[in-house]
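So in numbering that gives the first Met the number 0, spot 169 of the sequence shown is number 168, and the numbers just go up one at a time. By construction, the Cβ of each residue, glycine as well, lies at the ideal position given by its N, Cα and C atoms. For reference, the structure discussed in these notes is given below.
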Amino acid sequence: MPIPNDAAPRARSAAVFLLVLLLAGLACPGMAANPFITVASTTSTQNSGLFGRILPLFTEATGVAVRVIAVGTGQAIRLARRGDADVLFVHDPRAEQAFVADGFGVDRREVMYNDFVVVGPAGDPAAISGMDDAAAALARIAAARAIFVSRGDDSGTNRAEHRIWKAAGLDPSTFDPWYRETGSGMGASLSMASAVGAYTLSDRGTWLSFKNRGDLEILVAGDPRLFNQYGVTLVNPARFPHVKKTPALVFMDWLTSRAGQQAIAGHRIDGQQPFFPNAGSNDGRTGEFHTREDF
Numbered sequence: 000m001p002i003p004n005d006a007a008p009r010a011r012s013a014a015v016f017l018l019v020l021l022l023a024g025l026a027c028p029g030m031a032a033n034p035f036i037t038v039a040s041t042t043s044t045q046n047s048g049l050f051g052r053i054l055p056l057f058t059e060a061t062g063v064a065v066r067v068i069a070v071g072t073g074q075a076i077r078l079a080r081r082g083d084a085d086v087l088f089v090h091d092p093r094a095e096q097a098f099v100a101d102g103f104g105v106d107r108r109e110v111m112y113n114d115f116v117v118v119g120p121a122g123d124p125a126a127i128s129g130m131d132d133a134a135a136a137l138a139r140i141a142a143a144r145a146i147f148v149s150r151g152d153d154s155g156t157n158r159a160e161h162r163i164w165k166a167a168g169l170d171p172s173t174f175d176p177w178y179r180e181t182g183s184g185m186g187a188s189l190s191m192a193s194a195v196g197a198y199t200l201s202d203r204g205t206w207l208s209f210k211n212r213g214d215l216e217i218l219v220a221g222d223p224r225l226f227n228q229y230g231v232t233l234v235n236p237a238r239f240p241h242v243k244k245t246p247a248l249v250f251m252d253w254l255t256s257r258a259g260q261q262a263i264a265g266h267r268i269d270g271q272q273p274f275f276p277n278a279g280s281n282d283g284r285t286g287e288f289h290t291r292e293d294f
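Encoded structure:
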């Protein structure tokens with residue numbers, strides 16, 4: 000049956016996509032039967048439930064499974080620098096750009112954003128509630144010697160925290176015992192802050208999904224320094240020939256397509272949206288993606 004004129008471009012795109020997958024399967028025996036990629040990512044994408052929502056949608060649309068290694072951003076980047084992942088999906092643009100500049104990654108794309116928040120006990124001994132200057136708020140915490148829990152794990156959140164201390168003219172390495180490093184993820188650090196009535200910096204996604212809050216509440220938000228951008232990068236297949244370039248790019252294309260961006264925007268935690276899609280905000284990409292229904 001002839002293809003209607005308005006369907007021809009979509010049919011051609013779908014045919015090209017199927018041909019790419021077929022050729023990849025011929026080049027990599029076993030891929031077509033059970034394709035999967037490994038994504039090194041941050042704990043916030045996992046703890047917030049985002050991956051639990053979007054990855055099944057991606058796999059249903061493409062047949063490509065995703066295995067996630069959810070660790071702090073620093074550790075995720077180190078894994079990717081060893082070639083132990085196909086895709087890097089984290090939230091430290093400076094480190095991601097260095098990852099590309101050093102030849103370990105290619106084709107970094109912006110995907111989504113949210114923000115960091117300073118949380119603390121309702122009693123607020125440092126009197127920071129309602130402030131919109133995160134550096135000034137942390138300076139008050141230091142002046143009050145109020146307990147502050149830091150992840151201390153070289154994660155994206157930990158790096159953001161250190162940048163804010165630096166903006167306040169303070170160096171955490173000089174702090175007294177009121178500054179406590181957990182060396183753990185966001186969930187464990189929030190649990191400690193809740194247990195001891197401390198302040199901490201959290202990404203909003205993990206905060207929304209965290210249930211053991213005690214009397215912790217958001218005290219500071221809205222400072223541009225608290226903006227939290229997430230990006231996705233292909234681990235360089237020229238450097239690591241075992242990287243599954245074709246399905247990895249399928250994943251990246253889907254994340255930055257209308258379908259992927261809508262999936263991210265649709266994720267909710269207790270009715271609140273933890274992530275906001277912004278693919279193409281730095282590179283002009285606004286790609287379409289063809290699902291199995293389009294084929």
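Cβ distance (whole Å) where residue i is taken to contact residue j below 8 Å
| i | j | result |
| --- | --- | --- |
| Ala-262 | Ile-53 | 4 Å |
| Phe-115 | Asn-227 | 5 Å |
| Val-249 | Ala-84 | In fact, because the Cβ distance is near 15 Å, the residues do not count as touching under 8 Å. |
| Pro-120 | Leu-56 | Actually they are not in contact, since the Cβ atoms of Pro-120 and Leu-56 sit about 39 Å apart, beyond 8 Å. |
| Ile-68 | Ser-40 | 7 Å |
| Arg-150 | Thr-173 | Contact flag wrong, Cβ pair sits at about 18 Å. |
| His-241 | Gly-82 | 7 Å |
| Val-65 | Thr-255 | Wrong, their Cβ atoms sit about 15 Å apart, outside the cutoff. |
Own chain, CB closer than 7 Å to residue i, minus 5 neighbours either side, in chain order
| i | result |
| --- | --- |
| Ala-145 | Pro-124, Ala-125, Trp-177 and Tyr-198 |
| Ile-163 | Ala-133, Ala-134, Leu-137 and Arg-224 |
| Ala-143 | Pro-124 and Ala-125 |
Residue range of the unbroken beta strand (DSSP E) whose run includes residue i
| i | result |
| --- | --- |
| Pro-120 | 104-120 |
| Gly-230 | 226-234 |
| Ala-64 | 64-70 |
| Thr-199 | 198-202 |
| Arg-257 | Here Arg-257 belongs to no beta strand (DSSP E); instead the alpha helix (DSSP H) covers 257-265. |
Where the alpha helix (DSSP H) through residue i begins and ends
| i | result |
| --- | --- |
| Ser-190 | 185-195 |
| Arg-139 | 133-143 |
For residue i, the three-state DSSP class (helix, strand or coil)
| i | result |
| --- | --- |
| Thr-298 | Because the chain is modelled from 0 through 294, residue 298 falls outside the range shown and cannot be assessed. |
| Leu-169 | coil |
| Val-242 | coil |
Same chain, Cβ closer than 6 Å to residue i, five either side skipped, listed in chain order
| i | result |
| --- | --- |
| Lys-165 | none |
| Leu-20 | The predicted model places Leu-20 with a pLDDT of 47, which falls under 50 and marks its position as unreliable; any figure quoted below should be read in that light. Cβ within range, chain order: n/a, list empty. |
| Ala-264 | Pro-276 |
| Met-191 | Val-148 and Thr-181 |
| Ser-280 | Glu-109 |
8 Å CB neighbourhood of residue i in its chain, flanking five on each side removed
| i | result |
| --- | --- |
| Gly-204 | Ser-43, Thr-44, Asn-46, Ser-47, Leu-49, Asn-113, Ile-268, Pro-273 and Phe-274 |
| Met-251 | Val-86, Asp-106, Arg-108, Val-231 and Leu-233 |
heavy atom of the ligand HEM below 7 Å from residue i C-beta
| i | result |
| --- | --- |
| Ser-43 | Although the ligand HEM was asked about, the structure shown includes no ligands whatsoever. |
Q) If we count Cβ pairs, one from each stretch, closer than 8 Å, do we get three or more for the region 261-279 versus the region 193-213? A) Contact between the region 261-279 and the region 193-213 is present, because at least three Cβ pairs lie under 8 Å.
Q. Do three or more CB pairs link the region 154-161 to the region 62-75 at distances below 8 Å?
A. Verdict: yes, contact present.
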